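When we follow the numbering used here, the leftmost residue of the sequence shown carries the number 1, and every step to the right adds one.
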Amino acid sequence: MINYNLKKGFSLTEVLVATIVMSMIMGSVLAFVQYAGNIWHKGNEKISSQNYSKMAFELIKQDLLEATSVSTPKVGQGSNKIIYKKPDNNKNYKITASEAVLLRTSTKLSSATMRLARNVGKFYVNRISSRTFEISLQINGQEYENDEGVFTSDTISSESMVLIAPGVQ
């Protein structure tokens, strides 16, 4: 004959309490992992945008260091575009922000367009002297809907550079 009083085990109440406690712990862990993932994503986006804006600045800097003349903006003025001429092919180039994209366009027959940066919030060139330029570039993040239902984006990277272009007259 089997004596059922000698068998030990968990009661239904103990199993339910253990399941509830384990579910609460797992919920906390998942919330922490999600939060850490969001932080990592934002940090990665910021680093990527800063590198992206540095690359765009480097391309603009290389072009202006080779330029023989800059027609826009005039000395003492600012503009949201810059128009310059390079000596190798005697073409005019224009750098401007259009629809959140920074573009370099050739104004000769082969109107080649090159995208220098995307998610551009602001591009501004201030010509301090005949050879000195202050260039500002702002890169925005992804758009999101705020509390009022308006789509906005955060500024991720905003940099300025003062450049002396020796060939420019």
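Using N, Cα and C, we set each Cβ at its ideal position, and we do this for glycine too. These figures come from a predicted structure and were not determined experimentally.
The criterion of a C-beta distance shorter than 8 angstroms is not satisfied by K81 and K91.
DSSP places K81 in the uninterrupted beta strand (DSSP E) bounded by K81 to K85.
Residue range V120 to R127 is occupied by the beta strand (DSSP E) that includes G121.
In the DSSP secondary-structure assignment, L64 is not bridged to any residue. Its chain contains A56, L59, L102 and R104 as the residues whose beta carbon lies nearer than 6 angstroms to that of L116, once the 5 sequence neighbours on both sides are disregarded; these appear in chain order.
In this structure, V75 sits away from Y84, with a CB-CB distance that is not shorter than 8 angstroms. For E159, the secondary structure class from DSSP, reduced to helix, strand or coil, is strand. Pairwise C-beta distances place the stretch 27 to 38 out of contact with the stretch 116 to 125, as fewer than three of them are shorter than 8 angstroms.
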